[in-house]
Every structure is written in structure tokens, then in C-alpha cells.
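Novice: Order-wise, the sequence lines are chains G and Z.
Heads up: the first sequence at position 39 corresponds to 39 in the working numbering, and the numbers run straight through without jumps.
Heads up: the second sequence at position 285 corresponds to 1285 in the working numbering, and the numbers run straight through without jumps.
I have a structure I would like to understand better, so I am pasting it below and will then ask my questions one at a time.
There are 2 protein chains.
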Amino acid sequence: MKVTIKEVAQQANVSPSTVSRVLKDSHMISQATKDKVNEIINQLGYHPNEIARSLANQSSQTLGLVMPASVEDNFVNPFFTQFLLGVTQYLEVHDYSLLLSSAKNEEDELNQISRAINSKRVDGIILLTVREKDNNINYLLENNYPFVVVGTPAEKEKMLWVDNDNKKAMREVTENLILSGHKRIAFLGGSQKLQVTKSRLIGYKETLKKYGLEVDRNLILEVQFSEEEGYRATNDLLKKVKDIDAIITTDDLIAYGSMRAVKDNGYLIPQDISVTGFNNTILAQYLSPSLTSVEINAIELGCQAAKILLNHINDNKLKNNFHIVDTKLMMRDSTK
Amino acid sequence: MKVTIKEVAQQANVSPSTVSRVLKDSHMISQATKDKVNEIINQLGYHPNEIARSLANQSSQTLGLVMPASVEDNFVNPFFTQFLLGVTQYLEVHDYSLLLSSAKNEEDELNQISRAINSKRVDGIILLTVREKDNNINYLLENNYPFVVVGTPAEKEKMLWVDNDNKKAMREVTENLILSGHKRIAFLGGSQKLQVTKSRLIGYKETLKKYGLEVDRNLILEVQFSEEEGYRATNDLLKKVKDIDAIITTDDLIAYGSMRAVKDNGYLIPQDISVTGFNNTILAQYLSPSLTSVEINAIELGCQAAKILLNHINDNKLKNNFHIVDTKLMMRDSTK
DNA sequence: CTGAAAGCGCTTACAG
DNA sequence: CTGAAAGCGCTTACAG
């Protein structure tokens, strides 16, 4: 029934050591022996017990990933799934597995992480968020445990990370608007404490300057990630400032609220005011007008996160401790 | 650095066997010894190596789940994430883990499954789809390997499964429409070869009959799951049949296309024609009018799938081999 | 109530 | 090029 290395060894008239070496295609085994053993392996349908291997090798060949509590959010969702896809696809090729757990809340994440680590079930951790004062990161750093984060950490040198090219993404959006004639471009971003917002804001400002446009503080707003907030902020803005001809947002949901406010104020999209989103969610293509948005390559992010962590685990001489993934601007009808 | 059961044993002046027994809170150990050992365990920060445990116990305490190729579909996405959440939450409580992999295509799913099984990394498999002639199911059945499927299989008795109460969901939708005065209710469902469509259709027909309404074959259509198909089918329907006052669809995306067609044909929603969706995706709440839809409890499905499989693995005397999860009708503005 | 020993299924340093 | 032996870190039947 259950066939082990011993069985194979017996049938092939060699020792288990030899079978083990055949399995890893060791150069110290003759081709004849390899052939003989491999035949028996196929014949018996033998597959190594990876648990036993892990124990002997002191390596689980597995990475751990904790679903952040925020994953319940519908908009984090697609990103998350795509990211997982990227991770698992990369890992499979490199004969690694992914252990998944979920956190009930922010504090629980640390439990999950330490549980995975302490039980020796994983060789490294993939973190999906970077917080301002991040307990998870501190813990992993203190314990000198291999991990990679998604997002740009404050201390970029001290850890592995992957991120979107947020600056470039916003340069692209802004430049596009400018080149099609927009001059008074508002920016509705998230909290400016967040690295992601900072980067995007830089891209926006840089591009304005590049084209000799004024950076007007009145056009830059901090907004929560919701439709309602997008509406409210845009509504306020349009009442105060009269000559706006484009609104950049950092989320499709904000953009959606923003579009509603634009219409309610009697403007046409995109004739009077263009609006852009971010994340290229399902909403973007089905809104009317359809929403120009920035697509994040979540699969690639997942793939690169896995790659950089695996490289680190298996070499420890990391040439690159980070990787930046390009975004893609999806032009639709909400911009002229 | 790395503390093992041996270390703990030495420090506590007992044998490793005793520490092992303390760990599982065996009744054959004196309280005094337990206290002593537990103190050392805490002091040393000892955590059992789960890999070693797995090997000794011949059980990985892990379930496997393969992301189906279709998960890239934006609309499968949220379901998938929520489902994962349910699974991981249940497993955590029961000290199980989840091993995740992804399939490049339909055939690859079987590879992933057999890889997980053969390597002894998982004690059971969660399947997210049921196909008409399902290789994965056949393989698992043949090898007598524990697994659970999401969806209602053809041979309900031969395996573990969880599903939504599709019949009841459609009864609810249909009844609601009838009670608010609708008499000519169309049904746009997926392929009628699929069990899920069959169940929903039964719920629809039963309810019509219950209220003495005619089941008109002209009002029942098979549609692909896309906005375009929803539009096309509805458009055709409205040209042919003039007195329709409600359209039930089995997906929000179909519903969206349907709504567009209704409007294009000069009808008002919901005054002239009500429209309902299914899956309660993010679209439903942001369409205008907002879409009445059926919410699937994906978290609960995940939880129950994990539960039923774990019960089976640990008892083998399964009382219930399936579990049906209720859906929830979300009333919005697309129905009167 | 506790311990010594064997075993889970591998790997690998050592010896030949 | 190959094998015997020890070890990875646990568990548990057996003996006391």
C-alpha cells in the first residue's frame, strides 16, 4: 500500500541511501544504478514522504502567508486572490508549498505568524501589509526570520520587499491628463502618512512641475477609501474651486463617488471634468462612463515576493532586497 | 537557540516521553510533573516541531486546497477569498493548517492534488468545483482519499459535500416577486446541465406553481455568465414577449446586462420590470438602480467544508456527509 | 505514574 | 560508486 524508500531499495537491490541519492540525481551514482532504481520507483509509484524529508533536511520547503483581517474588504479581495496566484505559481516551480492562515484582527496576525514559525512548518513568511509601527515586522526582524513584505517599508535596507511603482503610475496618469489638455488637476489620495500615498503624490507633483503647472495645495485632499468619502470630498472641492478639469483618485471606489459628485454638480464626464481611479477593479469597466484606472499587477507582485524570499532563504547572499513592479494605465471613457 | 523536547526533558529532570505526554495533557501524568514540565516549557519558550510530530503521527494535520484555474475570474474572486477565510478560521481552532496551491488549467488540478497527496503533506483535500465528469473526484474516490466538494455532486451519497441552498434561494426570490404583484417572471440561468442551475430552476418553478402561475418555457433561458450575454438574451426576450414584469438572473453580471437591455427597450426598473441578480457582488450595490441579489455565505461554506472533512478524517463514522448553507436575499431598488 | 527503546521515512557524513 | 549508521524531533507500546 504505502511505499517507502526502503521498499524501493529492497526491490532494486540497493540501499536506501542509494535510492535517496538517485532521487536527488546525485552525481555520485552510476547511470546504471539510476536507471534501475528509477524503474522500480515508477513501477511502485513511489513518492518521497515530504514530511520525513523536511525533518531530515531541517527545512519545510514551505512559506507562510497570513490573510490580513482587512481581506474581507471587497476591494482588497481581487488583489489578494491574484497575489496568491502569483505566489503559488512561483512556488510550485521551485518545489515549495504555501501554508495559509487567516487573522481575526490585526493583533491576531502576530499569533498566526509566530505559530507558523515556532512549529517549524514554514521557512519564511510573506507579509501583505506594511503598517506604520509594524509589530509583525519587528517580531520577524528581532527573531532574524526570513520574510518579505508587500509595500515599501520605512527602513528599506533592513528587509525584503516588493511594491508597485506608485510614483511612476501617478506620473503616467498625470502626464496623460496634461497632454490631453488638462490644467487644473485635483488629487484625492489616502492618508498622507502612508508610504503609498506619499509616492503617488510625488509622482503627481513632479509631473505638474515638469510641465510648468502650479502645485495647488487646495487641489490635494486626503480621503478615506469609500464611495461616500469620494463623493463628499469632491462635492466640497467643486463648490470651492471652480476651474477644476480633472480629478485623480487613488481608488476606484473613491473615483466612483467622485464621479457621482461631478455629475450632481452639473458637470459632464469627461467633457468638463475627467476622473481617474486606481486598482482597476471590476467597477471600473462597468461604471458609466467607464473609468480610466491604474491596474496593479498583483500576480507579478506575488511572484516576485515569493522569488525574492526564496532567493534569500536559499542563498542568503541577496543581491536585490526589493523588487518594483510596473503598473498599467487602462484608458477608458472617464478621461478625454 | 533551537529548543527541543530533549532540552525540556533534561531541564525538567524527566524523560522526553514524559514531556510528550505533558504536551498532550495525558491523564497518566501527575499534576506535579505537569506543572514542573510546563514551567520549563514556558521558561525555555519551547514549541513542538510539528514536522516531527507529523512524521511520528503519520498525519500532517493539514488540508489541501487547489485554486481552480477559473479563480482569475473577477467574479469568482470574492467568493474564493471568503471561502478561504472560512476554511482557515475553522482549521485554526482545530489545530489544522491549510496548504494552498494553484492550477494553471483544469488538467493541472489533478497534478496538484496528487502531488499534495503523494507527498503526504495533507490529510485531505477540499475541492472547489464539481464538474460533470470530474477527474479529480474520480481520482480521489478511487484512491479512497478523504475529500469534500463544494457544490452538489451527482452521486450525493458517495462523498462529502457542502452547497448553498439554491432551491430555497430561488423560491425566496420568486415568492418575493410574486407577492409584490409580478406575474410574468422570466428566468435567465446558466447551463441547465449544471446541478446548480437545475436546483435554482426547480425553486423557481415550484414557487410559480404554488401561486398558481403558469410555467412558460419561453420565459426560461440559458445564458453564459457575462454582461454581454445578459444583454443579448434579455433584448431578444423583450422583443418576443411583451408582458414580462420581472427577470430573475443567476448572476449579477447577467443581471447588469439584463438591466441595460431593459432600459434600452424603453422600460423602467423596477416600475415596469424588476430585475434580480445572484452572488451579491460589489456591482450589486453600486449599480443604478441598485440590484436586488442573493448573497452566498462563502465564509460559512468554507467553514462547513473544513468541518465535515475534519470530522470524517478524525472519526470516519460520518453522520452527515453533506451540509447545506442558507443564502440571504438582499432587497434593493431593482425590484418593487 | 514514568522511562528506555523502537519507530515514523527520510538524509548525509563517514568509511570503504 | 555504494552502504551501514546515526540523526532529524517527535510518539507510543511495552515494561516496570
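By construction, the Cβ of each residue, glycine as well, lies at the ideal position given by its N, Cα and C atoms.
Can you list, in chain order, the residues of its chain whose CB lies under 8 Å from that of Ile282 of chain G, leaving out five sequence neighbours each side?
Specialist: In the first sequence, counting from the first residue as 1, residue 282 of chain G sits at position 282. So the qualifying residues of the chain are Pro78.
Novice: Taking only three categories from DSSP, how would you classify Asn235 of chain G?
Specialist: The count along the first sequence starts at 1 and reaches residue 235 of chain G at position 235. In this structure, Asn235 of chain G counts as helix in the three-state DSSP scheme.
Novice: Runs of 3 residues minimum, wholly inside the stretch 279 to 334 of chain G: which ones carry the beta strand (DSSP E) assignment?
Specialist: Listed in chain order, they are 293 to 295, 322 to 325, 328 to 330.
Novice: If I'm right that Val148 of chain G touches Ser60 of chain G with Cβ under 8 Å, what's the distance once you round it to whole angstroms?
Specialist: Along the first sequence, read from residue 1 onward, the residue named residue 148 of chain G stands at position 148. Along the first sequence, read from residue 1 onward, the residue named residue 60 of chain G stands at position 60. Not a contact, Cβ separation roughly 16 Å.
Novice: Measure the beta-carbon distance from Lys336 of chain G to Ser180 of chain G and round it to whole angstroms, keeping in mind my assumption that it falls under 8 Å.
Specialist: For the purposes of this step, residue 336 of chain G is taken as the residue at position 336 of the first sequence. For the purposes of this step, residue 180 of chain G is taken as the residue at position 180 of the first sequence. So it is a contact: roughly 6 Å between Cβ atoms.
Novice: Determine the closest residue to Asp1134 of chain Z out of Z:Glu1109, Z:Tyr1145, Z:Glu1157, with distance taken between C-alpha atoms.
Specialist: Within the second sequence, numbered from 1, the residue matching residue 1134 of chain Z stands at position 134. Minimum Cα distance to Asp1134 of chain Z is reached at Z:Glu1109.
Novice: Once DSSP output is grouped into helix, strand and coil, what is the label at Thr1174 of chain Z?
Specialist: Numbered from its first residue, the second sequence carries residue 1174 of chain Z at position 174. Correct three-state label for Thr1174 of chain Z: helix.
Novice: Could you tell me whether the Cβ atoms of Leu291 of chain G and Ser334 of chain G are closer together than 9 Å?
Specialist: Start at 1 with the first residue of the first sequence, and residue 291 of chain G comes out as number 291. Start at 1 with the first residue of the first sequence, and residue 334 of chain G comes out as number 334. The answer is yes: Cβ separation under 9 Å.
Novice: Which of the three DSSP states is assigned to Thr1081 of chain Z in this structure?
Specialist: Looking up residue 1081 of chain Z in the second sequence gives position 81. Of the three classes helix, strand and coil, the one that applies to Thr1081 of chain Z here is helix, per DSSP.
Novice: With distances taken Cα to Cα, identify the nearest neighbour of Leu85 of chain G among G:Asn297, G:Leu309, G:Asn321.
Specialist: The sequence position of residue 85 of chain G within the first sequence is 85, counting from 1. The candidate whose alpha carbon is nearest that of Leu85 of chain G is G:Asn297.
Novice: What residue range is occupied by the uninterrupted alpha helix (DSSP H) comprising Glu1222 of chain Z?
Specialist: Sequence index remark: in the second sequence, residue 1222 of chain Z carries index 222 (1-based). Per DSSP, Glu1222 of chain Z belongs to no alpha helix (DSSP H); it is in the beta strand (DSSP E), 1220 to 1222.
Novice: Within the same chain, show all residues whose beta-carbon is closer than 8 Å to that of Asp1165 of chain Z, passing over the 5 residues directly before and after it, in chain order.
Specialist: To locate residue 1165 of chain Z, count along the second sequence from 1; it is residue 165. Closer than 8 Å at the Cβ level, and outside the excluded window around Asp1165 of chain Z, lie Ile1324, Val1325, Asp1326, Thr1327.
Novice: Tell me, please, whether the CB atom of Val71 of chain G is closer than 9 Å to any CB atom in chain Z?
Specialist: In the first sequence, residue 71 of chain G corresponds to position 71, counting from 1. With 9 Å as the cut-off, Val71 of chain G counts as an interface residue toward chain Z.
Novice: Taking only the alpha-carbon atoms, compute the straight-line gap between Asn1138 of chain Z and Ser1070 of chain Z and give it to the nearest angstrom.
Specialist: Counted from its first residue, the second sequence places residue 1138 of chain Z at position 138. Counted from its first residue, the second sequence places residue 1070 of chain Z at position 70. Roughly 20 Å separates the two Cα atoms.
Novice: Using a Cβ-Cβ cut-off of 8 Å (strictly less than) and excluding sequence neighbours within five positions of Met1331 of chain Z, which residues of its own chain qualify?
Specialist: Along the second sequence, read from residue 1 onward, the residue named residue 1331 of chain Z stands at position 331. Excluding positions up to five away in sequence, the list reads Asn1176, Thr1292.
Novice: When DSSP labels each residue in this structure, what does Asn144 of chain G get in the three-state scheme?
Specialist: Counting from 1 along the first sequence, the entry for residue 144 of chain G is found at position 144. Looking at Asn144 of chain G - three-state DSSP - the assignment turns out to be coil, as it is neither helix nor strand.
Novice: By the 10 Å Cβ neighbour count, where 16 or more other Cβ atoms means buried, how is Ser1191 of chain Z classified, buried or exposed?
Specialist: Here residue 1191 of chain Z is taken as the residue at index 191 of the second sequence, counted from 1. So Ser1191 of chain Z ends up on the exposed side.
Novice: Could you spell out the range, first to last residue, of the alpha helix (DSSP H) harbouring Ser258 of chain G?
Specialist: On the first sequence, residue 258 of chain G is found 258 positions in, with the first residue counted as 1. It spans 252 to 264 - the alpha helix (DSSP H) in which Ser258 of chain G sits, taken as one unbroken run.
Novice: What residues in its chain sit with their C-beta under 8 Å from that of Ile338 of chain G, if we drop five residues either side in the sequence?
Specialist: Missing from the structure shown is residue 338 of chain G; chain G here goes from 1 to 336 and no further.
Novice: Who pairs with Thr62 of chain G in a beta bridge, going by DSSP?
Specialist: For the purposes of this step, residue 62 of chain G is taken as the residue at position 62 of the first sequence. Bridge partners of Thr62 of chain G: G:Ser97.
Novice: Would you call the CB atoms of Thr1062 of chain Z and Tyr1096 of chain Z closer than 9 Å?
Specialist: Within the second sequence, residue 1062 of chain Z is the residue found at index 62, counting from 1. Within the second sequence, residue 1096 of chain Z is the residue found at index 96, counting from 1. Against a cut-off of 9 Å, the Cβ pair of Tyr1096 of chain Z and Thr1062 of chain Z comes out as a contact.
Novice: Measuring straight from C-alpha to C-alpha, what distance separates Leu1099 of chain Z and Ile5 of chain G?
Specialist: What you label residue 1099 of chain Z is simply residue 99 of the second sequence in a count that begins at 1. What you label residue 5 of chain G is simply residue 5 of the first sequence in a count that begins at 1. If you take the alpha carbons of Leu1099 of chain Z and Ile5 of chain G, they lie about 24 Å apart.
Novice: Considering Ser1274 of chain Z, what are the terminal residues of the beta strand (DSSP E) in which it resides?
Specialist: Working through the second sequence from its first residue, we reach residue 1274 of chain Z at position 274. Taken as a continuous stretch (DSSP letters only), the beta strand (DSSP E) holding Ser1274 of chain Z covers 1274 to 1276.
Novice: Tell me whether the beta-carbon of Leu1194 of chain Z lies closer than 9 Å to the beta-carbon of Val1223 of chain Z.
Specialist: Here residue 1194 of chain Z corresponds to residue number 194 of the second sequence, with the count starting at 1. Here residue 1223 of chain Z corresponds to residue number 223 of the second sequence, with the count starting at 1. Their beta carbons are not under 9 Å apart, which means Leu1194 of chain Z does not touch Val1223 of chain Z by this criterion.
Novice: The beta strand (DSSP E) that contains Leu127 of chain G, what's its start and end?
Specialist: Against the first sequence, residue 127 of chain G aligns to sequence position 127. Where Leu127 of chain G is concerned, the enclosing beta strand (DSSP E) stretches over 124 to 127.
Novice: Let me see if you follow: with CB-CB separation under 9 Å, is Thr129 of chain G close to chain Z or not?
Specialist: By 1-based counting over the first sequence, the position of residue 129 of chain G is 129. Output row for Thr129 of chain G: interface = no.
Novice: When Cβ atoms are compared, which residues of the stretch 93 to 105 of chain G fall closer than 8 Å to chain Z?
Specialist: The stretch 93 to 105 of chain G vs chain Z, Cβ under 8 Å: Ser97, Leu98, Leu99, Leu100, Ser101, Ser102, Lys104.
Novice: In chain order, what residues of the same chain have a beta carbon less than 7 Å from the beta carbon of Asn1013 of chain Z, not counting five sequence neighbours either side?
Specialist: The sequence position of residue 1013 of chain Z within the second sequence is 13, counting from 1. Contacts found: none.
Novice: Within the continuous alpha helix (DSSP H) that includes Ile41 of chain G, where are the two ends?
Specialist: What you label residue 41 of chain G is simply residue 41 of the first sequence in a count that begins at 1. Start and end: 31 to 44.
Novice: Give, in chain order, every residue of the stretch 259 to 282 of chain G whose Cβ lies closer than 9 Å to some Cβ of chain Z.
Specialist: Taking 9 Å as the Cβ-Cβ cut-off against chain Z, the residues of the stretch 259 to 282 of chain G that qualify are Thr281, Ile282.
Novice: For Ile1125 of chain Z, tell me which candidate among Z:Asn1118, Z:Ile1113, Z:Arg1131, Z:Ser1119 has the shortest Cα-Cα distance.
Specialist: By 1-based counting over the second sequence, the position of residue 1125 of chain Z is 125. Taking only the C-alpha atoms, the option nearest Ile1125 of chain Z is Z:Ile1113.
Novice: What is the DSSP secondary structure of Ser54 of chain G, counted as helix, strand or coil?
Specialist: Indexing the first sequence from 1 puts residue 54 of chain G at position 54. Note: Ser54 of chain G maps to helix in three-state DSSP.
Novice: Identify each residue in the stretch 1111 to 1122 of chain Z for which the Cβ-Cβ distance to at least one residue of chain G is less than 7 Å, and report them in chain order.
Specialist: Residues Asn1118, Ser1119, Lys1120, Arg1121.
Novice: Any beta carbon of chain Z sitting closer than 9 Å to that of Leu84 of chain G?
Specialist: Position 84 of the first sequence, counting from 1, holds the residue named residue 84 of chain G. Cβ-Cβ to chain Z under 9 Å: yes for Leu84 of chain G.
Novice: State the start and end residues of the unbroken beta strand (DSSP E) segment that holds Ile1244 of chain Z.
Specialist: Translated into the one-based positions of the second sequence, residue 1244 of chain Z becomes position 244. Neither: Ile1244 of chain Z is in no beta strand (DSSP E) and is coded neither H nor E.
Novice: Quick check on Ala1186 of chain Z: does DSSP put it in helix, strand or coil?
Specialist: In the second sequence, counting from the first residue as 1, residue 1186 of chain Z sits at position 186. Of the three classes helix, strand and coil, the one that applies to Ala1186 of chain Z here is strand, per DSSP.
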